[in-house]
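Trainee: One structure is given below, represented as structure tokens, and several questions about it will come after.
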């Protein structure tokens, strides 16, 4: 099997079972045990690692050959093994086996093969052994390839997973295995997504993305026809050449600079830099120059990115701190022909440079006034305060203002519509979690703002700190999933400890982070608790927090 992923990433396969109901399609989700090392308590599709023995199952398969399947999946060979693994895992975890007997009839729930489920689960029988014993064939032509996902760096286990979909065989009842999976449920994709959003069910990013695809279909037939005709788009996954400190390097797909290198150097000539150097202008899109301020630090990364938009007349987005050298370089690049300054929010590393540009050029200033707080630029004086959806015309195209509170109540993102490029400010950052610090920071508003961005046409994200980021939907979904996973830990800790003070709750819910940063973690925990309170799931009285009974 040819895997482009690094050797520490295991190949895996997942099978989404769907069925027709009078109200539309439903999909099967299994809940993983809370004792699992990987994704405890999450609702997932049946699936798991691809075994080397899967290849032996090809002789018991019918439908397209491995070469055809592998071509669809952008593999040199072994695509059929992923499908076979998905079928086997579905049998182990859900008790449903997609197979036909010697007469080419789909097997039913009373078939003798079900007595061997435990042996397959324990690894005593392979799928090939099972088919041989019961004279069964696996109809691979009934599976459709949905998506490909590689676990981002960080988790204790990483997988290179292929997602498939098939219609659930009639008359086979689902039964979770009771060990790896402890519950199962049939839900419409829309209901599953809503329950995830409400914090009722933990789900992974690829599960959410798959549900979002399935939500658009009202029958299994239309879904399968679409999936067979439209295999997922393949994204670049090979190492990409670039330059770092004057020397050629190859960037792995999870490198921060990878998406930017692929965008700016699509032929792979190795001409882009894999480092951000303050004071060095980089054209990241047509008529868009990134200039990073010389203010690197723990909270700012390599520094605050200023974006200069235009060709002959210019708009400056986030001029950064009031640093003389940085301001002079902005004026040099633009020749002083600055029509407007646009500010995402008024934290001190973003907006103070506005005043010098206003004094030197008379430009018009767009942004929202600073809320109270020592970290806010109280001297910021906008000429206009954009509302959500307002359009600001620039020489590089139309900027759409998007109110995205959460990190700051006055935070705005700006979408360069023609190029579908989102200037995300601090709402989405690269390589670090955005600080949500009450009272101005609002976790509920932050998550709602992220959901709102999913409705916008975005191809790339230009953050205030870091490189350009591709696959924006995946990034946004990951941020939402990460926050909801932490919220779930806090809610579970609250249920166990209630009533409890913030310090003790933080120690329990943030046991996976160093004690030295529990002070910062407590601010994040408070943001989550305030969201739970707004959702009617927590109550704060007399300095302690209590869980609110749910119906």
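Residue numbers (our numbering): 79 to 629. Even for Gly, the Cβ is constructed at its ideal location relative to N, Cα and C.
Cβ of residue 382 within 8 Å of Cβ of residue 455?
Mentor: Their beta carbons are not under 8 Å apart, which means residue 382 does not touch residue 455 by this criterion.
Trainee: Express the C-alpha separation of residue 248 and residue 143 in angstroms, rounding to a whole number.
Mentor: Each residue's Cα considered, the two are about 26 Å apart.
Trainee: Select from 584, 202, 208 and 469 the residue whose C-alpha is nearest the C-alpha of residue 648.
Mentor: With the chain covering only 79 through 629, there is no way to say anything about residue 648.
Trainee: Quick one: residues in its chain with C-beta nearer than 8 Å to the C-beta of residue 343, no 5 flanking neighbours on either side, listed in chain order?
Mentor: Excluding residues within five positions, the ones whose Cβ falls inside 8 Å are 318, 319, 320, 349 and 350.
Trainee: For the pair the segment 537-553 and the segment 493-513, tell me if three or more CB-CB distances fall below 8 Å.
Mentor: Touching, per the Cβ criterion.
Trainee: Beta-carbon within less than 6 Å of residue 213's beta-carbon, same chain only, minus the 5 sequence neighbours each way: which residues are those?
Mentor: So the qualifying residues of the chain are 180.
Trainee: Can you give me the C-alpha to C-alpha distance between residue 201 and residue 468, rounded to a whole angstrom?
Mentor: Those two C-alpha atoms are separated by around 60 Å.
Trainee: May I ask you to report which of helix, strand or coil DSSP gives residue 478?
Mentor: Strand at residue 478.
Trainee: From residue 626 to residue 483, what does the alpha carbon distance come to, in whole angstroms?
Mentor: Spanning the two alpha carbons is a distance of roughly 26 Å.
Trainee: Whole-angstrom Cβ separation of residue 111 and residue 273, contact assumed at under 8 Å?
Mentor: That pair is no contact at about 19 Å.
Trainee: I need the boundaries of the alpha helix (DSSP H) containing residue 588, first residue and last residue.
Mentor: From DSSP, residue 588 is part of no alpha helix (DSSP H); its letter is neither H nor E.
Trainee: Tell me where the beta strand (DSSP E) around residue 392 begins and ends.
Mentor: Element bounds for residue 392: 392-395.
Trainee: By the DSSP assignment, the alpha helix (DSSP H) with residue 447 in it spans what residues?
Mentor: Per DSSP, residue 447 belongs to no alpha helix (DSSP H) and is neither H nor E.
Trainee: Of the choices 387, 311 and 576, whose alpha-carbon is the least far from that of residue 621?
Mentor: It is 576 whose Cα lies nearest to the Cα of residue 621.
Trainee: Figure out for me which residue from 96, 189, 365 and 261 has the closest Cα to the Cα of residue 473.
Mentor: Closest option to residue 473, Cα to Cα, is 365.
Trainee: Measuring alpha carbon to alpha carbon, tell me which residue in 370, 100, 164 and 307 is nearest residue 92.
Mentor: Checking every option, the nearest Cα to that of residue 92 belongs to 164.
Trainee: Ignoring anything shorter than 3 residues or poking outside the segment 368-430, list the beta strand (DSSP E) runs there in chain order.
Mentor: You should have 383-388, 392-395 and 416-420.
Trainee: Where do the ends of the alpha helix (DSSP H) carrying residue 288 lie?
Mentor: Counting along the chain, the alpha helix (DSSP H) containing residue 288 begins and ends at 283-292.
Trainee: Rounded to a whole number of angstroms, what is the C-alpha to C-alpha distance between residue 115 and residue 259?
Mentor: In a straight line, the C-alpha of residue 115 is about 13 Å away from that of residue 259.
Trainee: Tell me where the alpha helix (DSSP H) around residue 304 begins and ends.
Mentor: That run of the alpha helix (DSSP H) goes 298-307.
Trainee: Looking only at C-alpha atoms, which of 547, 120 and 491 sits nearest to residue 509?
Mentor: For the residues 547, 120 and 491, the minimum Cα distance to residue 509 belongs to 547.
Trainee: For residue 604, which option in 568, 592 and 220 has the closest C-alpha, if you only look at C-alpha atoms?
Mentor: Comparing Cα positions, the closest option is 568.
Trainee: Measure from the alpha carbon of residue 419 to the alpha carbon of each residue in 445, 570 and 561, then state which is nearest.
Mentor: It is 445.
Trainee: I'd like the span of the alpha helix (DSSP H) that includes residue 199, first residue to last.
Mentor: Residues 195-199.
Trainee: Here's the rule I'm using: 16 or more other beta-carbon atoms within 10 Å means buried, otherwise exposed. How should residue 154 be labelled?
Mentor: Flag for residue 154 reads exposed.
Trainee: Roughly how many angstroms lie between the CA atoms of residue 83 and residue 238, to the nearest whole one?
Mentor: Note on residue 83: pLDDT 37, under 50, position unreliable in the model; no value is reported.
Trainee: With DSSP run on the structure shown, which of helix, strand or coil describes residue 145?
Mentor: If DSSP states are grouped into helix, strand and coil, residue 145 belongs with the helices.
Trainee: If you measure between the beta carbons of residue 412 and residue 386, is that distance less than 8 Å?
Mentor: It is a contact, given that the beta carbons lie within the stated cut-off.
Trainee: Assuming residue 384 contacts residue 396 under a Cβ cut-off of 8 Å, what Cβ separation, rounded to an integer in Å, is found between them?
Mentor: About 6 Å separates the two Cβ atoms, so the contact holds.
Trainee: Quick one: using the 10 Å Cβ neighbour count with 16 as the cut-off for buried, is residue 89 buried or exposed?
Mentor: Buried is the call here.
Trainee: Quick check on the DSSP output: the beta strand (DSSP E) that includes residue 244 runs from which residue to which?
Mentor: Unbroken beta strand (DSSP E) run through residue 244: 237-245.
Trainee: Taking only three categories from DSSP, how would you classify residue 537?
Mentor: Note: residue 537 maps to coil in three-state DSSP.
Trainee: Tell me whether residue 125 sits in a helix, a strand or coil according to DSSP, three-state version.
Mentor: It is a strand residue.
Trainee: Could you check what DSSP says for residue 226 in three-state terms: helix, strand or coil?
Mentor: Strand at residue 226.
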